[in-house]
Every structure is written in structure tokens, then in C-alpha cells.
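Numbering (full-length UniProt numbering), first residue to last: 1 to 291.
I have placed the structure first, in the form of C-alpha cells, so that the comments after it can refer back to it.
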Amino acid sequence: MKQLFIVLFAIVTIATSAQKNFQGKATYMSKATIDMSSWGDRFNKMSEAQKKQMAVRMKSFLEKTFILTFDKTSSIYKEDEKLATPTAGRGRGWRGMSGGGIKYKNIKDLVALESIEFFGKKFLISDDMKRPEWELGSETKKIGEYICYKATLVRDVDPTDWTNMRRRGRNNDDKKKDKAKKDTSNVVKISDEIEMPKQITVTAWYTPQIPVSNGPAEYWGLPGLILELNSGRTTVLCTEIVMNPENKVNIEAPTKGTEVTRDEYNKIITKKMEEMREMFRNRRGRRRGRN
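So, in C-alpha cells, the structure goes:
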């Protein structure tokens, strides 16, 4: 009896230790597109060579690699430092789900923090971590060696995510124009030329084969790790998974930066965007005056 107790105690101890030391590492490729027509005449007047040059410059902002380090209850999501461009730390606040900095989630304690630098100032952003209202589907597909299930979620658009911005009334079809004018319930006017939707549908593909309720960026809440995500004009795809890597990473909440809520941070970004837009208008006005 004593020997049986010792064996059972050893099994429980080993299982507890294995769960405590469990860690995974997932690599994600993030790719976003933007509606260049929202640039209006400035883009249309560019030559084909200038447009190609612009596309090359934008690529470093629109295509990135991220690493999600996770255990059973917490995770850290950040850009792959090996592949980050020298200017990757600037202007990241414009990127929304694909932004830089460090995103920390603890699904047990419902803590979500993001450490980010914007225009030389560091912020520590706290988010309300409410369980996402995913709609689970029966559709499946295989990503690598994992069977994944489809789930969808309707969410509010991040007002600082400029990839979702589009030119107002850009369609030349008069009937569609009239319909678009009537249906403004899901549109936010940014300026006389630019708008963005209020809400978008997010599609996720998760695998129960990795039973952690986690995923890239701020996404979580499914019965398995999210391997693919489509949100607005951004697609995030997992390209590699390493379970229990040799080199473990300390998954700790970031602490540096001015503490703000997500709403407070968005107001700061919006104000800065308005200032820059006004500065650009003034410069363009002075140039026209000289001509």
C-alpha cells in the first residue's frame, strides 16, 4: 500500500511538473493590404514606377513575422526581432492587430496588456479582457499537420487600424453609390475623402490538437490554438509550431510605459493623426500658393 501511494504521488508530481513547465512557440506570418484608392488623386497621378516604389516601401509595414510564446494560461506576442526592420519601432500604433511592441495575455486572470512606443513615447495599454463571443462552425481544413475548425466573430474596428480605411464613394456605379449613401450604419467618416467600417467579421481557424485557448495578437477564447486569422484586410497564418522548446522564455507582463486604457490610447493616436493631417494640408496649401 505504501509503495502504491509512492508511485501515485510520483505520477501526480511528474504530471504537475510537466503542466507547469509546458510551453509552446508559434510563428505567424502577417500580411495586410490597403486600399490605395483612398489616397485619392495623389496616388492616381503617380507613374507606374512610383507606384511600384511605394509598394516596396509599404511592404515592410504590411508584411511581418510574429512569435507567440504561450503556456496553458498566458502568452506573449511580439514581432520577430531577427526579421524586424530598423524602423519597425516607429509608427506601429497605426497598425492595429499587426502592430509592434509586446502583447501580453493571461486568460486565467483576464489581464491583457500591450507595451508599445509611439512617436518616441512608451505606453502600457490595458484592455478589457471579455471572453469573445465566437460562433463555432463545423467547417474544417488542414493547416500543416493540424485539423482546424472554423469560428467567426463580429467585432468593432480599431479606429487606429488604417488598413481598413477606404475612399468614400470610390465606386463609379451610380446605383451602388446611392445604396452606399443610404447604408451608412456601419461606416465611420474619417474625412471628406476617407471612411472605415464600424464593424468587421473576423474568421479564425483553430485546432483542438493544441488545447490552449490562445492565438495571435489579442485573439483568444476558442477550444484550441488559433492557427489562421482573417480580420478586415489582414491575414495571419501560423507557419511553424514548436512544443516545449529547449530554450524557455519567461512569460511575464510588461511593466514599462505610461499606463493608459485602450480608449485613452486611441484618443491620443486620433489626435496625433488629425495634427499630422492638418500639417500636411498646410504644407500642400503653401506649395500651391507658391505656384
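Quick reminder that beta carbons are idealized off the backbone N, C-alpha and C, glycines included.
Residue range of the unbroken beta strand (DSSP E) whose run includes residue i
i: residue 154; result: 146-156
i: residue 68; result: 63-70
i: residue 261; result: 258-261
i: residue 220; result: Residue 220 -> no beta strand (DSSP E), and no H or E assigned at all.
i: residue 130; result: Counting along the chain, residue 130 falls outside any beta strand (DSSP E), and DSSP gives it neither H nor E.
i: residue 47; result: Unbroken run through residue 47: none, as it is neither H nor E.
i: residue 27; result: 24-32
i: residue 116; result: 111-118
i: residue 106; result: 102-106
i: residue 78; result: 74-79
Length of the line joining the Cα atoms of residue i and residue j
i: residue 71; j: residue 279; result: 46 Å
i: residue 240; j: residue 77; result: 14 Å
i: residue 25; j: residue 282; result: 48 Å
i: residue 251; j: residue 233; result: 30 Å
i: residue 139; j: residue 46; result: 44 Å
i: residue 222; j: residue 149; result: 10 Å
i: residue 110; j: residue 218; result: 12 Å
i: residue 231; j: residue 199; result: 10 Å
i: residue 155; j: residue 203; result: 11 Å
i: residue 151; j: residue 236; result: 15 Å
i: residue 125; j: residue 81; result: 21 Å
i: residue 52; j: residue 163; result: 18 Å
i: residue 238; j: residue 68; result: 10 Å
i: residue 79; j: residue 61; result: 12 Å
i: residue 145; j: residue 249; result: 25 Å
i: residue 197; j: residue 247; result: 42 Å
i: residue 141; j: residue 29; result: 18 Å
i: residue 277; j: residue 48; result: 26 Å
i: residue 225; j: residue 242; result: 13 Å
i: residue 258; j: residue 121; result: 8 Å
i: residue 147; j: residue 50; result: 43 Å
i: residue 215; j: residue 268; result: 27 Å
i: residue 134; j: residue 275; result: 37 Å
i: residue 160; j: residue 229; result: 19 Å
i: residue 261; j: residue 127; result: 6 Å
i: residue 21; j: residue 132; result: 27 Å
Simplified DSSP state of residue i, which is helix, strand or coil
i: residue 253; result: coil
i: residue 241; result: strand
i: residue 199; result: strand
i: residue 275; result: helix
i: residue 226; result: strand
i: residue 163; result: helix
i: residue 246; result: coil
i: residue 139; result: strand
i: residue 235; result: strand
i: residue 207; result: strand
i: residue 264; result: helix
i: residue 59; result: helix
i: residue 8; result: Confidence at residue 8 is low in this model, with a pLDDT of 35, below 50, so its placement is unreliable and the value that follows should be read with caution. Here residue 8 sits in helix by DSSP.
Integer-rounded CB distance, given that residue j should sit under 8 Å from residue i
i: residue 31; j: residue 75; result: At roughly 21 Å, the Cβ-Cβ gap does not stay under 8 Å, so residue 31 and residue 75 are not in contact.
i: residue 117; j: residue 103; result: Between residue 103 and residue 117 the Cβ distance is about 14 Å, and since that is not below 8 Å, they are no contact.
i: residue 205; j: residue 213; result: 15 Å between Cβ atoms; not a contact.
i: residue 265; j: residue 123; result: 6 Å
i: residue 201; j: residue 227; result: In fact, because the Cβ distance is near 18 Å, the residues do not count as touching under 8 Å.
Sequence-distant residues of its chain with Cβ nearer than 7 Å to residue i (five each side left out)
i: residue 73; result: 106, 107 and 108
i: residue 66; result: 28, 30, 77, 78, 79, 80 and 216
Same chain, Cβ closer than 6 Å to residue i, neighbours up to 5 away in sequence not counted
i: residue 63; result: 31
i: residue 245; result: 25
i: residue 273; result: none
i: residue 253; result: 104 and 113
i: residue 129; result: 110 and 112
i: residue 183; result: Any reading at residue 183 needs caution, since the residue's pLDDT is 49, under 50, leaving its predicted position unreliable; the model's value is listed next. Excluding residues within five positions, none has a Cβ falling inside 6 Å.
Sequence-distant residues of the same chain with beta carbon closer than 8 Å to residue i, five excluded per side
i: residue 271; result: none
i: residue 137; result: 149, 150, 151 and 152
i: residue 256; result: 115, 122 and 124
Heavy atom of the ligand FMN within 7 Å of residue i beta-carbon
i: residue 49; result: Only the bare structure without any ligand can be found here, which leaves the ligand FMN out of the picture.
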